[in-house]
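Residue numbers (the working numbering), protein chains in the order written: chain D, 163 to 325; chain P, 163 to 325.
Have a look at this one:
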């Protein structure tokens with residue numbers, strides 16, 4: 163299995179992936195100018211767990227898992243996935259999302275929620291839909307895309323527990 | 163105007179309101195056992211601004227305003243409102259919500275989003291709807307109500323800027 167928990171040693175390989183994606187500003191609700199220190203906190207420290215996808219000794223992607231809302235919402239988790247630009251289209255995101263659902267179930271979460279999927283990110287919307295996530299919300303003009311301007315953001319959600 | 167920025171002196175009056183509401187666990191996604199130190203951080207430190215509603219020298223309610231998502235989402239704000247149990251039904255929440263929209267506009271936000279409104283909280287749903295918020299999302303069984311069990315949570319949203 164190419165997916166394993168991230169270690170501090172992995173950060174030097176995760177950071178360029180994070181930086182490229184966040185600087186582009188087309189998919190993630192992080193400040194495009196997020197510093198490496200801030201990124202480390204956001205990706206490696208604040209989440210409950212962080213994983214990497216490693217193949218032949220190279221980090222091709224990473225994801226985090228965290229509780230989405232505290233207290234009465236703490237049975238729902240949230241994940242974020244990033245794939246290196248040179249590794250797109252190889253099924254890395256799909257594998258990480260499937261893996262994260264399994265981890266979430268093991269941790270006792272009942273559902274997974276993506277809070278802020280840019281509607282313009284059709285690859286992600288298509289993939290999450292294929293993996294069983296429903297679009298349960300549409301936030302009008304909530305995402306400022308650097309080329310397209312204000313576009314809707316989607317809330318996507320999947321119940322993980324057995325019925 | 164009974165609404166003004168909160169000061170450190172106000173905290174001793176805000177905390178009992180926070181504690182009663184959060185311990186009940188019926189409306190807010192905070193841990194029911196949130197400590198006073200944690201509550202101070204969540205309500206007074208992390209938000210961009212915090213306000214109180216004061217009448218005849220008594221704090222009847224408080225609200226915070228913060229940016230809901232960073233980077234490409236930073237034009238949308240989020241608010242949370244709490245009203246003392248003995249001051250319910252007097253229009254305090256309504257006045258704070260109207261006030262927050264004005265403050266949000268002054269700060270340059272284009273929209274306001276409530277991320278996690280318990281669908282069972284019909285008073286809040288009705289009030290926010292009356293004040294122009296649309297229900298743009300419904301999160302299935304995302305809120306664990308202490309009496310009702312798992313109920314849906316709503317995402318509510320209002321565009322603040324002129325068309």
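Glycine included, C-beta positions come from ideal geometry on N, C-alpha and C.
Since we're looking at a predicted model, the values are computed, not measured.
Pick out whichever of the options has its Cα sitting closest to the Cα of residue i.
i                      : options                    : result
residue 201 of chain D : P:211, P:308, P:233        : P:233
residue 306 of chain P : P:278, P:286, P:288        : P:278
residue 249 of chain D : D:215, D:268, D:239, D:280 : D:215
residue 285 of chain D : D:256, D:169, D:177, D:195 : D:256
residue 193 of chain D : P:235, P:244, P:308, P:289 : P:235
residue 173 of chain P : P:291, P:244, P:206, P:211 : P:206
residue 264 of chain P : P:308, P:291, P:324        : P:324
Excluding five sequence neighbours on each side, which residues of the same chain lie with their C-beta closer than 6 Å to the C-beta of residue i?
i                      : result
residue 241 of chain P : 225, 227, 262
residue 196 of chain D : 184
residue 118 of chain P : As shown, chain P starts at 163 and ends at 325. That puts residue 118 of chain P outside it, with no answer to give.
residue 117 of chain P : Summary: the structure shown does not reach residue 117 of chain P, with chain P confined to residues 163 through 325, and so no result is reported for it.
residue 243 of chain D : 225, 255, 258
Where does residue i land, buried or exposed, given buried means 16+ other C-beta within 10 angstroms?
i                      : result
residue 237 of chain P : buried
residue 254 of chain P : buried
residue 209 of chain P : buried
residue 163 of chain P : exposed
residue 171 of chain D : exposed
residue 168 of chain P : buried
residue 301 of chain D : buried
residue 186 of chain D : exposed
residue 266 of chain P : buried
residue 269 of chain P : exposed
residue 251 of chain P : exposed
Answer yes or no: do residue i and residue j have a C-beta to C-beta separation smaller than 7 Å?
i                      : j                      : result
residue 231 of chain D : residue 191 of chain P : yes
residue 310 of chain P : residue 282 of chain P : yes
residue 298 of chain P : residue 219 of chain D : no
residue 179 of chain D : residue 246 of chain D : yes
residue 239 of chain P : residue 293 of chain P : no
Please go through the same chain and pick out, in chain order, the residues whose beta-carbon is closer than 8 Å to the beta-carbon of residue i, but skip the five residues on each side of it.
i                      : result
residue 295 of chain D : 274, 276, 318, 319, 320
residue 221 of chain D : 172, 175, 176, 179, 214, 215, 246
residue 287 of chain D : 279, 281, 297, 316, 318
residue 188 of chain D : 280, 282, 283, 307, 308, 309
At least one CB of chain D closer than 7 Å to the CB of residue i: is that the case?
i                      : result
residue 300 of chain P : yes
residue 260 of chain P : no
residue 232 of chain P : yes
residue 193 of chain P : yes
residue 319 of chain P : yes
residue 180 of chain P : no
residue 313 of chain P : no
Got a sec? Which residues, its chain only, sit under 7 Å from residue i by beta carbon, not counting five neighbours each side?
i                      : result
residue 304 of chain D : 314, 315
residue 198 of chain P : 177
residue 289 of chain P : 255, 256
residue 217 of chain P : 164
residue 271 of chain D : 237, 238, 239, 322
residue 229 of chain D : 210, 236, 239
residue 182 of chain D : 247
Tell me, please, whether the CB atom of residue i is closer than 7 Å to any CB atom in chain P?
i                      : result
residue 304 of chain D : yes
residue 254 of chain D : no
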